[in-house]
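Per the working numbering, numbering through the sequence shown is continuous, rising by one, with the last residue being 58.
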Amino acid sequence: MKWGIVSDSHGAVDRLAIVFDTLQKKGIDHVIHAGDFLNEGAIEVFRLFQI
């Protein structure tokens, strides 16, 4: 089981999507987000990638 840690995305949905794409390619199973989401777009990225 592999875990990724992401922090302080501050609503940067485009960059967060790139990070999640990279995490998926590396076989990350779960992600912990530490910090601020600031908008619903960031939460949607989590739902989209289902990590």
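Where a beta carbon is used, it is the ideal one built from N, C-alpha and C, also for glycine.
In the structure shown, residue 24 falls within a helical segment according to DSSP collapsed to helix, strand and coil. Of the other Cβ atoms in all chains shown, 16 or more fall within 10 Å of the Cβ of residue 30; this residue is therefore buried. A buried status is given to residue 23, since no fewer than 16 other beta-carbon atoms sit within 10 Å of its beta-carbon.
Collapsing the DSSP output to three states places residue 49 in a helix. Beta-carbon to beta-carbon, residue 18 and residue 48 are separated by about 6 Å, close enough to satisfy the 8 Å threshold.
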